[in-house]
Amino acid sequence: MALDEETAWVVWPEYFDAKRSRSQGRKVSKKLAIPNPTTEAIAKVLIRMEMDFRIEEDKSYPGNWHHHKGRILVENSLPKTELIQEIAEKLARD
């Protein structure tokens, strides 16, 4: 299945960053957050989850625009909150 850019979820590494507060963009609990999450680490999790995705390295999180950490477009076969939670659980285990 080809990734549909129009309906894909956008996942930023900042969602999983233990150094960020909720108001700075972290979307998961401190318990599941990790230090310095990367698009590559998230991509490895998405491969294990058998999700269709595409990395866009040249993008910057709006609240952190001066750091180009990139973002990932992910197929929207799950609700976004479930997707983020599942990625966080798998990242925390690695």
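Just so you know, the sequence shown maps onto residues 10 to 103 in my numbering.
Think of the CB as a built atom: it goes at the ideal place given N, C-alpha and C, for glycine as much as any other residue.
Note that the structure is a prediction, hence the values are computed from the model and not measured.
Inset, instruction - Go to V19, then tell me how far its beta strand (DSSP E) extends in each direction, as first and last residue. - result: 18-20
Legend entry - Strand pairing of R80, partner residues [DSSP]: E65
Legend entry - Contact between the region 21-32 and the region 54-65 (3+ Cβ pairs under 8 Å): no
Inset, instruction - Compare the Cα-Cα distances from S38 to each of P71, N45, F25 and report the closest residue. - result: F25
Legend entry - 8 Å Cβ shell around L87 - same chain, five flanking residues per side excluded: E95
Inset, instruction - Indicate whether R102 and L82 have their beta-carbon atoms separated by less than 8 Å. - result: no
Legend entry - Same chain only: Cβ atoms within 7 Å of N85, ignoring 5 sequence neighbours per side: T16, A17, W18
Legend entry - Delimiting residues of the alpha helix (DSSP H) encompassing L100: 89-102
Inset, instruction - Alpha carbon to alpha carbon, how far is E14 from P44? Give it in angstroms, no decimals. - result: 29 Å
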